[in-house]
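Just add 137 to the spot in the sequence shown (first one is 1) and you have this note's numbering.
Virtual Cβ for every residue (Gly too), placed ideally from N, Cα, C.
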Amino acid sequence: MNLIKLGDSRELLKEVEDNIVQTIYFDPPFNSDRNYYLTPDNKIGFKDKFEDDESYIGLVEPMLVECKRILKPDGNLFFHISAKDSLIPMMLCEKHFSNTQLIFWKRSRSKNNVKSKLGACMDIIIKCSNSKKPKFNPVYQKLDDYYSKNSYKNKDDRGNYALGHIVYTKTQKTKNKERLYSLDHNGITYEPENGWRMSKQDLEDLIKEDRIHFPTKEGANPYKKIYKHESKGKPATDLWDDVHSISMGAEKREWPTQKPVKLLERIIEMSSDEGDIILDPVAGGGTTGLAAKNLNRQYILFDINPDAIELCNKKLRR
Ligand SMILES: C[S@@+](CC[C@H](N)C(=O)[O-])C[C@H]1O[C@@H](n2cnc3c(N)ncnc32)[C@H](O)[C@@H]1O
């Protein structure tokens with residue numbers, strides 16, 4: 138099901154069935170008291186001026202309520218907002234969702250043209266869900282110098298490696314009895330009291346391949362070798378400083394507040410699987426649709442602006 142529709146999302150969302158959407162990306166007007174146009178001469182864009190905070194809440198809260206209804210139980214909603222305008226969105230997300238996490242997107246480098254205040258370079262993406270275990274697929278960021286230097290200190294014939302935990306700590310303690318086994322290696326018996334994170338067979342296979350690091354200190358635990366040259370990067374943190382805004386990249390700007398496809402791909406990859414439905418109730422230039430299409434997900438896009446809908450259709454038919 139791929140759908141692109143023109144209209145007010147406070148109404149359109151009511152037409153969507155309960156519990157069918159895996160991921161919602163919500164990047165509404167920010168209440169920034171500005172108008173956004175593509176260029177001073179090209180009036181494609183939208184007004185971001187509201188009489189007061191109540192009228193802003195009157196736009197976004199009804200959409201959030203409907204979004205909550207149509208999300209699958211393990212679904213996620215991502216509310217995108219500038220750091221400066223984040224107070225009301227944060228309060229609304231806390232009101233309607235039981236689980237929230239802030240993602241800090243450093244959208245630009247420092248600005249040297251701002252002289253009278255601190256340059257704003259941060260947007261906040263509030264990840265919201267109503268499940269204790271929302272769908273989550275690990276995503277990775279490029280290894281930074283600090284991480285590279287400090288994590289991959291060990292070396293063998295294959296190359297530098299970091300140490301990955303293979304035993305549980307006291308707080309994680311497994312209830313699976315099959316993970317409470319002992320391992321004899323070079324005359325030493327390892328029997329972690331809280332259990333192993335892998336089966337005995339998997340552990341023995343890794344030992345055969347020389348992918349287990351045995352400690353030199355008595356009483357210490359073995360670790361899995363995680364080789365630098367095989368690494369996908371570092372597991373992503375809540376600081377995303379590796380995705381640049383449209384103005385700094387190669388993507389063509391076709392909508393004034395267009396977000397980079399890479400940002401949407403990370404969000405979608407992290408929170409959904411192939412075939413899942415991704416919805417954007419304020420789609421603008423259709424970035425969410427494009428990222429969903431690239432990743433073999435289905436998409437539903439709504440926007441109140443006919444120019445935006447025309448752009449979405451054009452972009453997704455290319
Ligand atoms: C910040 S832009 C979205 C930009 C988009 N994420 C992109 O990458 O191009 C906000 C969008 O909200 C739309 N919008 C505002 N009020 C709306 C409403 N009541 N229903 C649907 N869309 C609305 C505007 O037309 C605008 O395209």
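**Q.** For residue 299, the three-state DSSP class (helix, strand or coil)
**A.** The residue labelled residue 299 in the question sits at position 162 within the sequence shown. DSSP places residue 299 in the strand class (E or B) of the three-state scheme.
Q: Excluding the 5 residues preceding and the 5 following residue 203 in the sequence, name in chain order all residues of the same chain whose CB lies nearer than 7 Å to its CB.
A: Working through the sequence shown from its first residue, we reach residue 203 at position 66. Within the same chain, 150, 151 come within 7 Å of residue 203 by CB-CB distance, once the 5 residues on both sides are set aside.
Q) For the segment 420–432 against the segment 303–319, are there 3 or more C-beta pairs whose distance is under 8 Å? A) Contact between the segment 420–432 and the segment 303–319 is absent, with fewer than three C-beta pairs closer than 8 Å.
(Q) Taking the straight line between their C-alpha atoms, what separation do you get for residue 420 and residue 143? (A) To locate residue 420, count along the sequence shown from 1; it is residue 283. To locate residue 143, count along the sequence shown from 1; it is residue 6. Approximately 10 Å, taken between the alpha carbons.
**Q.** residue 183 beta carbon less than 8 Å from that of residue 121
**A.** Residue numbering for the chain in the displayed model covers 138 to 455; residue 121 lies beyond these limits and cannot be assessed.
Q. What do you get for residue 402, buried or exposed, if any count of 16 or more other CB atoms within 10 angstroms of its CB means buried?
A. Translated into the one-based positions of the sequence shown, residue 402 becomes position 265. In this structure residue 402 is buried. Its beta-carbon is surrounded by 16 or more other beta-carbon atoms within 10 angstroms.
Q) Quick one: any contact between the segment 385–394 and the segment 357–373, if contact means 3 or more CB pairs under 8 Å? A) Because the criterion of three Cβ pairs below 8 Å is not met, the segment 385–394 and the segment 357–373 do not touch.
Q) So, do the segment 280–292 and the segment 309–318 have three or more beta carbon pairs nearer to each other than 8 Å? A) Not touching, per the Cβ criterion.
Q) Would you call residue 454 buried or exposed, if buried means 16 or more other Cβ atoms sit within 10 Å of its Cβ? A) Indexing the sequence shown from 1 puts residue 454 at position 317. Exposed.
Q. To which residues does DSSP link residue 143 through a beta bridge?
A. Taking the sequence shown and counting its residues from 1, the one referred to as residue 143 is at position 6. Residue 143 is bridged to 440.
(Q) Short of 7 Å in beta carbon distance, which residues of its chain neighbour residue 198, apart from the five on each side in sequence? Order them along the chain. (A) Translated into the one-based positions of the sequence shown, residue 198 becomes position 61. So the qualifying residues of the chain are 229.
Q: Could you pull the start and end residues of the alpha helix (DSSP H) that residue 226 belongs to?
A: In the sequence shown, the residue the question calls residue 226 occupies position 89. 224–233 is the extent of the alpha helix (DSSP H) around residue 226.
Q: My understanding is that residue 438 touches residue 417, with C-beta atoms under 8 Å, so please give their C-beta distance in whole angstroms.
A: Here residue 438 corresponds to residue number 301 of the sequence shown, with the count starting at 1. Here residue 417 corresponds to residue number 280 of the sequence shown, with the count starting at 1. Beta-carbon to beta-carbon, residue 438 and residue 417 are separated by about 5 Å, close enough to satisfy the 8 Å threshold.
Q. Which value, in whole angstroms, describes the spacing of the CA atoms of residue 321 and residue 300?
A. For the purposes of this step, residue 321 is taken as residue 184 along the sequence shown, with counting starting at 1. For the purposes of this step, residue 300 is taken as residue 163 along the sequence shown, with counting starting at 1. Cα-Cα distance, rounded: 20 Å.
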